[in-house]
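Beneath this line is the structure, given in structure tokens, with notes to follow.
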Amino acid sequence: MMEESKDISPSQGTWVSILPAYSQLGALGHGMLIHARVIKDSMWSDIYVGTCLVDLYGKCGRLDDVDKKVNVFYTGNQTHTQCNEIYKELKELCEKIKAKGYVPDFGFVLQDVEDDEKEHILMSHSERLAIAYGIISTPPKSSLRIFKNLRVCGDCHSAIKCISDITGREIVVRDSNRFHHFKDGSCSCGDYW
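Heads up: take any position in the sequence shown, counting from 1, add 117, and you land on our numbering.
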């Protein structure tokens, strides 16, 4: 590992530079040492460092070692052990973002159902379930990282912008096309999703 001066501590930029190299090399041992140091230095909640750590463990075939912080959600999922709490949080989030001006875009619902059902379908998208779970499972203001195998729909994109604003959280969603970094009601993609 790298040598350290007594006066200089590694920064977020240092770890974000070193961890991808260890990922490419498959240097799990060195990565685990950095992980321990990141926890010791209270940098574990940094979104970029955390993403690099998940990437390292994933490339080394050790995602189980990510301290069981990875959960899988499917659209409409009702099998999670905290299903009731997740849907309760979703309902509260929906009310709060509507109060901030969010209007559901039913154009992203392809079923021929009533508007109430369309709203429930949108609310039950996997990324929203994951966000609600993250909110009830992590400290306030901590960042959330969501990985999605499909593209984020336009309605979810608008909703997540509002959610990032009302919760004060950074929310990173990796979809099939790009990373969306939501913060303070805006997205890094500039709404080019």
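Note that the Cβ used here is the ideal one computed from N, Cα and C, for glycine as well.
message = Can you tell me whether S128 is helix, strand or coil according to DSSP?
response = Three-state result, S128: coil.
ask   = What number of angstroms, rounded off, separates the C-alpha of Q199 from the C-alpha of M160?
value = If you take the alpha carbons of Q199 and M160, they lie about 28 Å apart.
ask   = Can you tell me whether DSSP reads V155 as helix, strand or coil?
value = When DSSP states are grouped into helix, strand and coil, V155 belongs to the helix group.
query = Roughly how many angstroms separate the alpha carbons of G130 and G146, rounded to a whole number?
reply = Distance between G130 and G146, taken at the CA atoms: about 20 Å.
ask   = If you drop the 5 nearest sequence neighbours on each side, which residues of the same chain put their C-beta closer than 6 Å to that of S128?
value = Excluding five sequence positions before and after S128, none of the CB atoms of its chain fall closer than 6 Å to its own CB.
key: Alpha carbon of G178 to alpha carbon of P137, nearest angstrom   = Spanning the two alpha carbons is a distance of roughly 15 Å.
key: Spatial distance of E234 from M149 (CA atoms)   = Rounded to whole angstroms, E234 to M149 spans 46 Å at the Cα level.
request  = Name the two residues that bound the continuous alpha helix (DSSP H) containing H311.
outcome  = The chain is shown only over 118 to 310; residue 311 falls outside these bounds and no answer can be derived.
inquiry  = Once DSSP output is grouped into helix, strand and coil, what is the label at V290?
reply    = In the structure shown, V290 sits in a strand (DSSP, three-state: E or B).
ask   = My guess is that L283 and K217 are in contact by the Cβ rule of under 8 Å, so how many angstroms apart are they, rounded?
value = In the sequence under discussion, the amino acid at residue 283 is Ile, which differs from the Leu named in the question. Right, the Cβ-Cβ distance comes to about 6 Å (below 8 Å), so this counts as a contact.
message = My output table needs one value for C200: the three-state DSSP class, helix, strand or coil.
response = Note: C200 maps to helix in three-state DSSP.
query = Can you tell me where the alpha helix (DSSP H) with L173 in it begins and where it stops?
reply = Annotation for L173: the continuous alpha helix (DSSP H) segment containing it runs 164-176.
query = Does Y174 have its Cβ less than 7 Å from a Cβ in chain D?
reply = Included in the structure is just one protein chain, with no chain D present.
request  = Go ahead and pull the three-state DSSP assignment for C59.
outcome  = Nothing can be reported for residue 59, as the shown portion of the chain is limited to 118 through 310.
message = I'd like the list of long-range same chain contacts for V133, defined as Cβ closer than 7 Å, with 5 residues on each side in sequence excluded.
response = Here the set comprises Y165, V166, C169.
ask   = DSSP three-state call for K258: helix, strand or coil?
value = Under the three-state reduction of DSSP output, K258 falls in the coil class, being neither helix nor strand.
ask   = Beta carbon of I263, beta carbon of F299: below 7 Å?
value = Taking 7 Å as the Cβ cut-off, I263 and F299 do not qualify as a contacting pair.
ask   = Is the beta carbon of L239 less than 7 Å from the beta carbon of D272?
value = Contact: yes.
task = Please determine, among Q141, E202, C304, S259, the residue with the shortest C-alpha to C-alpha distance to Y174.
result = The alpha carbon of Y174 has as its nearest neighbour, out of Q141, E202, C304, S259, the alpha carbon of Q141.
query = Where D229 and G307 are concerned, what is the direct C-alpha to C-alpha distance, given to the nearest angstrom?
reply = Cα to Cα, the separation comes out at about 31 Å.
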